[in-house]
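Novice: In the working numbering, the protein residues as written are 1 to 428. Backbone N, C-alpha and C fix where the C-beta goes; we use that ideal spot for every residue, glycine too. Note that the structure is predicted; figures quoted are calculated from it, not measured.
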RNA sequence: GCCGAGGUAGCAAAGUCUGGCCCAACGCGCCGGCCUUGAAAGCCGGUUCUCCAUCCGGGGAGCAGGAGUUCAAAUCUCCUCCUCGGCGCCA
């Protein structure tokens with residue numbers, strides 16, 4: 001969420017930024033927010049004055065009791081007695097306004113970085129870099145959907161039986177490749193200064209809210225019935241929640257976490273999209289990077305995270321492009337976002353494998369993640385960043401497609417060969 | 001799941017039975033100031049959130065979270081969460 005003080009003092013700046021999103025709702029919400037905030041402050045002033053009065057009377061009563069002046073005490077108590085009711089009355093109104101205020105504040109998106117390109121939708125994202133080459137196939141490459149079927153690596157039909165659509169049984173060498181990818185991932189993350197973590201995959205509502213996953217994306221996450229627990233759509237949620245309501249030290253920045261977890265997504269808004277295979281599923285494993293730092297360093301860190309993802313995909317020899325996500329496609333939390341889109345020969349297009357975001361102070365403010373330059377110095381709000389390294393199942397689809405051979409076998413990428421006892425997945 | 005003990009500021013630790021001198025003691029760390037040639041010691045102010053005020057400054061809230069009783073709650077009552085120990089169950 002945005003800084004309410006900045007909203008009060010510099011509303012024009014924020015309005016100009018919100019306008020870039022070309023969504024009138026945000027402007028309306030913002031104006032309502034300012035109104036609510038004014039109401040709130042007015043009421044708070046009144047309430048605080050009443051409390052002050054009550055505190056004063058309480059003290060007087062206390063003194064009179066010591067002197068045992070009964071008549072005066074009764075008079076004061078009579079006077080004091082009416083105040084709590086008034087406070088309660090105003091406070092109830094104030095609390096409601098506060099709820100409305102928070103409702104708006106939680107839905108107003110982050111400020112966009114000036115280098116975010118303007119655009120209506122993902123068609124207007126800007127390609128900023130390409131790496132590697134498309135594989136030169138002398139045959140018509142198969143899709144991962146066909147490959148996993150032919151090579152007996154995934155069973156979708158039976159998963160439909162046990163669990164429904166968008167589930168899968170991963171089988172045989174693909175299971176081994178998954179673990180190879182995980183081991184390769186954590187090796188790179190360790191070298192790049194990330195602390196390895198496997199987080200809980202169920203988290204409380206306020207952690208989801210703090211990360212920006214709620215309330216805006218309520219339909220996209222699974223909730224446990226009768227409990228205030230959600231299945232995480234990404235380990236970003238527990239990993240940024242890790243330091244919730246903490247005060248960190250600047251000397252420790254950047255704090256980097258390399259998290260591995262299963263992720264659960266309803267894919268509510270994706271009906272009809274990527275319905276076949278394991279490209280888009282309700283559950284998958286993902287290796288994620290998280291960084292906590294401050295405003296001085298977060299843009300450098302943003303590049304560092306993306307570079308780490310690039311190094312990983314380069315090690316696998318996958319041809320990709322780096323994309324600067326435009327205003328219409330960026331979402332509410334990130335101030336700037338780069339995607340890494342890899343080449344899918346069967347689809348003849350680039351598909352998203354990695355998304356790197358600088359959330360600036362937007363998440364950290366919600367989660368009360370602060371830092372000090374030194375002990376005794378005032379606290380400031382941290383910056384948080386996140387990036388995919390690899391979503392395993394999607395990564396596998398990309399590898400399968402790019403490493404397929406004319407004879408129908410799949411070559412195992414060089415860097416993964418040391419983790420498995422085969423160099424090819426062979427058609428039986 | 002049951003029983004017991006707990007949750008107090010950056011850390012550490014009193015206060016809870018017996019409500020008010022608790023805007024939370026004594027420490028430790030750190031920040032600012034005074035003092036000093038400099039430092040240490042000493043002294044003063046600070047070290048969470050928030051409101052008003054350009055500045056000086058003045059309020060309010062906060063003792064795991066919420067609700068209640070009361071003129072007044074860290075302290076009493078109820079609900080929830082979490083931690084630790086014991087028992088049970090279990091991969």
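Measure the C-alpha to C-alpha separation of residue 299 and residue 283 and round it to an integer number of angstroms.
Specialist: Approximately 31 Å between the Cα atoms of the pair.
Novice: If we require 4 or more residues per run, which alpha helix (DSSP H) segments fall completely within the segment 193-247?
Specialist: Whole alpha helix (DSSP H) segments, 4+ residues: 205-211, 236-241.
Novice: Leaving out five residues before and five after residue 87 in sequence, what residues of the same chain have Cβ atoms less than 8 Å from its Cβ?
Specialist: Correct list, in chain order: 47, 50, 51, 54.
Novice: Quick one: using the 10 Å Cβ neighbour count with 16 as the cut-off for buried, is residue 376 buried or exposed?
Specialist: Exposed is the call here.
Novice: Is it a yes or a no for the segment 206-222 touching the segment 342-350, going by three-plus beta-carbon pairs under 8 Å?
Specialist: Not touching, per the Cβ criterion.
Novice: Go to residue 326, then tell me how far its beta strand (DSSP E) extends in each direction, as first and last residue.
Specialist: Run containing residue 326: none; DSSP gives neither H nor E here.
Novice: Are the segment 169-178 and the segment 413-423 in contact at 8 Å, needing three or more beta carbon pairs?
Specialist: Verdict: yes, contact present.
Novice: On a Cα-Cα basis, can you pick out the residue from 61, 138, 44 that is closest to residue 93?
Specialist: The residue with the shortest Cα to Cα distance from residue 93 is 44.
Novice: In angstroms with no decimal places, state the Cα-to-Cα distance between residue 293 and residue 245.
Specialist: Straight-line Cα distance between these residues: approximately 15 Å.
Novice: Between the Cα of residue 354 and those of 247, 373, 307, spot the shortest distance and give me the residue it belongs to.
Specialist: Considering only alpha carbons, the answer is 307.
Novice: Name the DSSP bridge partner or partners of residue 344?
Specialist: Looking at the DSSP assignment, residue 344 forms a beta bridge with 349.
Novice: Taking 8 Å as the threshold, find out whether the segment 146-160 comes into contact with the segment 366-374 through three or more Cβ pairs.
Specialist: No, because fewer than three Cβ pairs between the segment 146-160 and the segment 366-374 fall closer than 8 Å, the two stretches do not touch.
Novice: Using the Cα positions of residue 411 and residue 6, report the straight-line distance between them to the nearest angstrom.
Specialist: Residue 411 and residue 6: Cα-Cα distance of roughly 55 Å.
Novice: Nearest-angstrom Cα distance between residue 389 and residue 279?
Specialist: Going by the C-alpha atoms only, they are around 16 Å apart.
Novice: With DSSP run on the structure shown, which of helix, strand or coil describes residue 285?
Specialist: Of the three classes helix, strand and coil, the one that applies to residue 285 here is strand, per DSSP.
Novice: Write down every uninterrupted run of the beta strand (DSSP E) in the segment 118-143 whose length is 3 residues or greater and which is fully enclosed by it, in chain order.
Specialist: Those beta strand (DSSP E) runs which fall completely within the segment 118-143 and span 3+ residues are 126-131.
Novice: Suppose the cutoff is 7 Å on Cβ atoms and the five residues either side in sequence are ignored; what does the same chain contact list for residue 315 look like?
Specialist: Only 415 meet the Cβ criterion.
Novice: When burial is assigned at 16 or more other CB atoms within 10 Å of the CB, is residue 123 buried or exposed?
Specialist: Answer is exposed; the Cβ neighbour count stays below 16.
Novice: Using DSSP's beta-bridge definition, name the partner residues of residue 314.
Specialist: DSSP lists no partner for residue 314.
Novice: Report the rounded CA-to-CA distance for residue 381 versus residue 210, giving the unit in angstroms.
Specialist: Taking the straight line joining both Cα atoms gives about 14 Å.
Novice: Sort out for me which residues DSSP pairs residue 46 with in a bridge.
Specialist: The partner list for residue 46 (beta bridge, DSSP) is empty, contrary to what the question assumes.
Novice: What are the boundary residues of the alpha helix (DSSP H) that includes residue 185?
Specialist: Note, residue 185: alpha helix (DSSP H), 172-191.
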